[in-house]
Every structure is written in C-alpha cells, then in structure tokens.
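A short worksheet on the structure shown next.
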Amino acid sequence: MTITTAEAIEILGTIAFAISGSFAAMQKRLDPFGVLIIAFVTSIGGGTVRDLLLGDTPVAWMRDVNYCLLILVTSLLTIFFKKNIKRFKVTLFIFDSLGLGLFTMLGLQKGINFGLDPGMCVALGTITGCFGGIIRDTLLNAIPLIFRQEIYATACILGGVLYFGLLEMNMKPDFAKVSVIGFIFLLRIVVVRYKLALPKFGY
Amino acid sequence: MTITTAEAIEILGTIAFAISGSFAAMQKRLDPFGVLIIAFVTSIGGGTVRDLLLGDTPVAWMRDVNYCLLILVTSLLTIFFKKNIKRFKVTLFIFDSLGLGLFTMLGLQKGINFGLDPGMCVALGTITGCFGGIIRDTLLNAIPLIFRQEIYATACILGGVLYFGLLEMNMKPDFAKVSVIGFIFLLRIVVVRYKLALPKFGY
Amino acid sequence: MTITTAEAIEILGTIAFAISGSFAAMQKRLDPFGVLIIAFVTSIGGGTVRDLLLGDTPVAWMRDVNYCLLILVTSLLTIFFKKNIKRFKVTLFIFDSLGLGLFTMLGLQKGINFGLDPGMCVALGTITGCFGGIIRDTLLNAIPLIFRQEIYATACILGGVLYFGLLEMNMKPDFAKVSVIGFIFLLRIVVVRYKLALPKFGY
Numbered sequence: 013m014t015i016t017t018a019e020a021i022e023i024l025g026t027i028a029f030a031i032s033g034s035f036a037a038m039q040k041r042l043d044p045f046g047v048l049i050i051a052f053v054t055s056i057g058g059g060t061v062r063d064l065l066l067g068d069t070p071v072a073w074m075r076d077v078n079y080c081l082l083i084l085v086t087s088l089l090t091i092f093f094k095k096n097i098k099r100f101k102v103t104l105f106i107f108d109s110l111g112l113g114l115f116t117m118l119g120l121q122k123g124i125n126f127g128l129d130p131g132m133c134v135a136l137g138t139i140t141g142c143f144g145g146i147i148r149d150t151l152l153n154a155i156p157l158i159f160r161q162e163i164y165a166t167a168c169i170l171g172g173v174l175y176f177g178l179l180e181m182n183m184k185p186d187f188a189k190v191s192v193i194g195f196i197f198l199l200r201i202v203v204v205r206y207k208l209a210l211p212k213f214g215y
Numbered sequence: 013m014t015i016t017t018a019e020a021i022e023i024l025g026t027i028a029f030a031i032s033g034s035f036a037a038m039q040k041r042l043d044p045f046g047v048l049i050i051a052f053v054t055s056i057g058g059g060t061v062r063d064l065l066l067g068d069t070p071v072a073w074m075r076d077v078n079y080c081l082l083i084l085v086t087s088l089l090t091i092f093f094k095k096n097i098k099r100f101k102v103t104l105f106i107f108d109s110l111g112l113g114l115f116t117m118l119g120l121q122k123g124i125n126f127g128l129d130p131g132m133c134v135a136l137g138t139i140t141g142c143f144g145g146i147i148r149d150t151l152l153n154a155i156p157l158i159f160r161q162e163i164y165a166t167a168c169i170l171g172g173v174l175y176f177g178l179l180e181m182n183m184k185p186d187f188a189k190v191s192v193i194g195f196i197f198l199l200r201i202v203v204v205r206y207k208l209a210l211p212k213f214g215y
Numbered sequence: 013m014t015i016t017t018a019e020a021i022e023i024l025g026t027i028a029f030a031i032s033g034s035f036a037a038m039q040k041r042l043d044p045f046g047v048l049i050i051a052f053v054t055s056i057g058g059g060t061v062r063d064l065l066l067g068d069t070p071v072a073w074m075r076d077v078n079y080c081l082l083i084l085v086t087s088l089l090t091i092f093f094k095k096n097i098k099r100f101k102v103t104l105f106i107f108d109s110l111g112l113g114l115f116t117m118l119g120l121q122k123g124i125n126f127g128l129d130p131g132m133c134v135a136l137g138t139i140t141g142c143f144g145g146i147i148r149d150t151l152l153n154a155i156p157l158i159f160r161q162e163i164y165a166t167a168c169i170l171g172g173v174l175y176f177g178l179l180e181m182n183m184k185p186d187f188a189k190v191s192v193i194g195f196i197f198l199l200r201i202v203v204v205r206y207k208l209a210l211p212k213f214g215y
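Protein chains in written order, with my numbering: chain A, 13 to 215; chain B, 13 to 215; chain C, 13 to 215.
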C-alpha cells in the first residue's frame, strides 16, 4: 500500500482534529465516551456537512472505516497520555493548522469536481475546514471559538480565493494546492503568534 | 431581466433575515466574520434544512451565487450603517415578518411539488420560515427565541393550514399565496404589537 | 390492519421519546408550541440524522404522517396530564429504554440493508438511538445529558457489537434482534438503578 502526500496530510489532519476535540471534551470533564464522540465530531464534522450539502451520500466517513478507527485510536491515546501531550501544545497547534489547510483544499477541490461556482467552492472549502470545530463548540455549549478568536475561517476564505487566483495564472494544480495549504497554515500561525484579530463591536 | 413578484419578496426576505442575523451577532460582540456567518446562516438556514430533508441537493444557495452576494452586501451595509439602521427597528421587523410569510410559502409549495402529504407540506413551510432563526440562536448560545417569545412558528403553521383551506375552496393558487403571506405577516405584527403569547408552564 | 411486534415497539418508543421531550421542554418553561417541537425533535431526530447521512431522502417522517400525528397526540396528552404522568416516572424511563433498544436495532438493520461495514452499522444504530436526545439538549441549551450521565450510548454500541456476534453464531436474525433490544434495555436499567458511570476526568 502506497500513501500519497495528500492522504498523508489528511491522516495527520484527522489525527490533529481528533486530539483537539479530545482536549476540548476533557476540559469540560466529559466521560470517555463523550470524549470519543467529540473527537469524532471534530474530525469528521466538516466533511459530513460538506457531503450533506452536496448530496454526496452516504457521507465519506461511512464509506471508509479506516478514518473512524484512526480517530478512535488517536482519541484513546490522547486520553491515556494526556499529560505528555499537553507539553506538545505547539505541535498540536501546528497539526491543527495543517489539517485546516488540507481540509479546506479538499473541500475546494470537491466543489470544483461538482461544477460549482468558484464562490461556492470557497464556501465549501471553508465549511470543510471549520465546521468540525463549530459543531464541537456548540455541543460543548460555548459560543464557537471561531466567532471569538483569531481569523480562523478568514484564512480558509483567503486560501480559497488564492487557489482560484493561482489557477487563473496557470499554476499547475498540484503546486497551487500545496501553496494554498502552506498559505493557510502560515497565515494561521502568524495570526495566533502575533495575536492579530478582526475588530470587534461594542455597544 | 425581469423580476417576478415572488422573487422580489424573496429578495426582500433574504435581506431582512440577513439584517436580523447581523444585529443578533453584533449584540453578542462577534467579529465581522462571525457577523457575516450568522447573517448567512439566518438567511439560508431554513431553505438548507428543507432541501436536506427532501434530498434536493446540492442545496439551493449552492446553485445560485446571487443570494450569497446579496447576503454579503446586506450584512456589510448593516455593519457599517448600524446606528442608522437601529432607528428603523420597525422597518426591520416588518421585513422580517414579510420574509417569514414568503419563506413559509416557498416551503409549502416545494412540499406540494414533491408530492408530500399536506401535513408534511405545512411542516416543511414552517421549517423553511423558522429554521434560520433557530440555528442562529443555537450558534449564539441562547435558547431559541422561537421557544420563548411570540407565536412565531404558530403563524407559519396556521398560514399553511389556511393555504390548503383556500385551495380546497378553489381559490386561484396565486391569490391563495398572497393571502397566506399577508396572513402570516399581519398575524405576526398583531401578536407582537399586543404582546400576545401562548401560555407558559410553571412547576 | 395488523401490527408487527417491531412496529408495536417502534410506536411505544416514539411515544416514550415524545413524552421525554415534552417533559424536558416543560421543565425549561417553553410555551406549548416549543414543547411540541422538542417532543417532535426528540422522537424523530435520530432517524432523521440517520437518513440524512445515508442519503435516504425524503427522510422517513416526511413519508409517513402517522408518526407525526402520534407524536402530536402524545405531546398534547403529556401537556394536559402532566401531573398524573409525573407519578409514572419509572414507566417513562422503561419506555424510553425500550425505545432506545428498538431505535438502535432499526438503525443497525438499515445500515446492513445499505451494505455498510459492521462498524458503521453500529455507529448508525447508536446515532439512531441517541441523536434525538442530543438535539433536544442542544436546543434546550444544556450540555447533552449523554455526555454527562449514564452509559447511555455505550449501551447502544455494546448492543450493536452483540448483534453482529449473535449473527456470527448463526442465531436467527429475529431472535438476535429481540436479544439485542432486551440487552440494551436491561443494561440501561441496571446502570441507572445502580448509578454506574464511566470514570470522569479532572484537571
């Protein structure tokens, strides 16, 4: 079995989202089952909403049991080694940002394959990247972080626009993809590192 | 390009829901991206849930980019002119009620087109009219207003029942549609104006 | 009209979930419309999510108006006779657990009919059994009980695994179904009776 670069990053992204979901759930003191559910939802939420909106059913995770097993193992490992992983917060953040980049790219490409308008493809990429976190936070009863902090989803949107710009300039699709994933990844890192944020409203 | 009456009211309804969503999000002090997301969700939530339940995918807003642009522009204008629009609270409420009437009618008609039972058509109309607000409030972490105040959705249900009653009496469909939209619109205005509500429970 | 055993238990399960939803909504002091909506969502939520994930649309409750009428009548009766029903808390809990068993079984069987992997069938059964309660609690703005108390969903997962084990041992499908329903039912009763729970996390 050979694994393509895209599959490798998708696996890493799935792992990272599963870890992020597990941590969020453990902070709310859920039992192990709740932790597994939240890890699962964080990892597959974005792709599920994407497939539902497109009508591409049964949704992706139902057709490939391997991602479910991957999430299960990742979440169990996070529960048992939580103290050790806590020290690798930066590692986690990096994987999470990488996952965001790749999942956005997967959504963009799926929209193009379905012949959607470029604006809709960007929306689909953003949904694929961000929705797992939104569902996680909604289930955990908090205003989704995405609405509070960082320009998380803004990175996905800008990445999507960049992708169509690069294709317009006749860049090879594979190069454009890697560029966009790197762009979203780096933008997120820079924004969080320098605590940049969009202005808020006060009344 | 000519615009039919139905399209005109749908555009007005979309605008009104986008404004209502923007205000709700700004009151929760979300950043501009969050405001756009909530405006979008409020405007397209009802139709999206309707299309998902029917299996009519890709969902409507993915097939017509114009409504997305309309929501984007409306939400940006609301953000920039928020003080001026605040004075037009009554205007907003009127548009919101009009939108409720039309979106309910669109859902009813779509259920009829899919050959559903009349009771299911009424449910579909109610979902189309109300679900945007439910998702908005859930994301903003409040018990949906629909469960707290006014007989919002009750108006949609009564309107749906009225529509089938009028068709039964051989009223022309177009007349029946306008009557139902007007009925939901006026019922909502009267209920809010005179602070009517269904009885609540106490334990 | 003859009713099969499965249909009979499904009807009982629908009734029980409708009652449980009505009580949850009345405790949050929603108006009668809100109570109906929550009762409806609790009863049909699991099956709806299952059908959406599979792409089996229009979803089940839109194709059979009888279950909607059953929920409506049950919820109205719960509202009017709430004091009397409160005394039958144990009865309610028993019906709820029976419903959980059957709905899990229905989801399992539907997954098998769609040719899904056994692991996915177990997931689908669990979703069918549990999602109504998750949506109910999310709408009522609480961390879903499923993440806090009891090994509710764990019972569904164990039941699903048991079902495939029994089929593997060449048990007749009908016997296996009844066994699994009984297993989930009894496991839930025992867990709640003796206040068993999975361990929680503290930081």
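Note that beta-carbon positions come from the ideal geometry of N, C-alpha and C, so glycine has one too. Keep in mind that this is a model prediction, so the values were computed, not measured.
For LEU152/B, there is no enclosing alpha helix (DSSP H), since its DSSP letter is neither H nor E.
In the structure shown, ARG75/A falls within a helical segment according to DSSP collapsed to helix, strand and coil.
Counting other Cβ atoms within 10 Å of its Cβ, LYS184/C stays below 16 and is therefore classed as exposed. A straight line joining the alpha-carbon of LEU64/A with that of ILE196/B spans about 31 Å. By a beta-carbon distance limit of 8 Å, ILE50/C does not contact THR86/C. Their separation comes to about 12 Å. Interface with chain B (8 Å Cβ-Cβ cutoff): VAL77/C is included.
Where ASP63/B is concerned, the enclosing alpha helix (DSSP H) starts and stops at 44 to 66.
Residue range 164 to 180 is occupied by the alpha helix (DSSP H) that includes ILE169/A.
For GLY25/A, the number of other beta carbons within 10 angstroms of its own is at least 16, and it is reported as buried. Check the Cα spacing between VAL203/A and each of ALA188/A, PRO44/A, TYR164/A: the tightest is with TYR164/A. Annotated as distal: MET38/A and LYS122/A, with beta-carbon spacing of 8 Å or more. Annotation: TRP73/A to LEU179/B spans about 45 Å, alpha carbon to alpha carbon. Under the Cβ distance rule, ASP43/B does not count among the residues neighbouring chain C, no pair being separated by less than 8 Å. Contact annotation for VAL53/B against chain A: no contact, minimum CB-CB distance about 10 Å [criterion: below 7 Å]. The straight-line gap separating the alpha-carbon atoms of PHE29/A and ASP186/B is approximately 51 Å. Judged by their CB atoms, VAL192/C and MET117/C are nearer to each other than the 8 Å cut-off.
At a cut-off of 8 Å, the C-beta of VAL71/C has a neighbouring C-beta in chain B. LYS189/A carries a helical assignment under DSSP once its states are collapsed to helix, strand and coil. Assignment of PRO70/B by DSSP, reduced to helix, strand and coil, places it in the coil class. The beta carbon of LEU151/C falls within 8 Å of a beta carbon belonging to chain B, placing the residue at that interface.
Scanning chain A for C-beta atoms nearer than 9 Å to the C-beta of GLY67/B yields GLY67, THR69, reported in chain order. Residues CYS133 of the same chain have their beta carbon placed closer than 7 Å to that of ILE124/C, with the five preceding and five following residues left out of the count.
Look at LEU128/B here: in three-state DSSP terms it is coil, with no helix or strand label.
Contact of GLY131/A with chain B by beta-carbon distance below 9 Å involves VAL77, CYS80, LEU81. Taking C-beta separations shorter than 7 Å and ignoring five residues to either side along the sequence, the partners of ALA36/C in its chain run ILE50, ARG148, LEU152, following chain order.
Only PHE126, LEU128, ASP129, GLY131, MET132, ALA135, LEU136, ILE146 from the segment 116 to 149 of chain B bring a Cβ to less than 8 Å from some Cβ of chain C. For LEU64/A, the chain C residues whose C-beta falls within less than 7 Å of its own C-beta are LEU64, listed in chain order.
Neighbours of THR60/C in chain A, taken as residues at a C-beta separation under 7 Å, are lacking, since the least C-beta distance is about 12 Å.
ILE27/C sits in a helix when the DSSP states are folded into three classes. Residue-level contact by beta carbon holds for ALA165/A and chain B, with a gap shorter than 8 Å.
In terms of Cβ geometry, GLY172/A and VAL53/A do not form a close pair [threshold 8 Å]. Residue contact check for MET181/B against chain A: no CB pair falls below 8 Å.
The closest CA to that of GLY113/B, considering only PHE176/B, LEU42/B, ILE169/B, ASP129/B, is found on ILE169/B. The Cβ atoms of ILE91/B and SER55/B lie no closer than 8 Å to each other. Pairing GLY58/A with ARG200/C, the inter-Cα distance amounts to about 32 Å.
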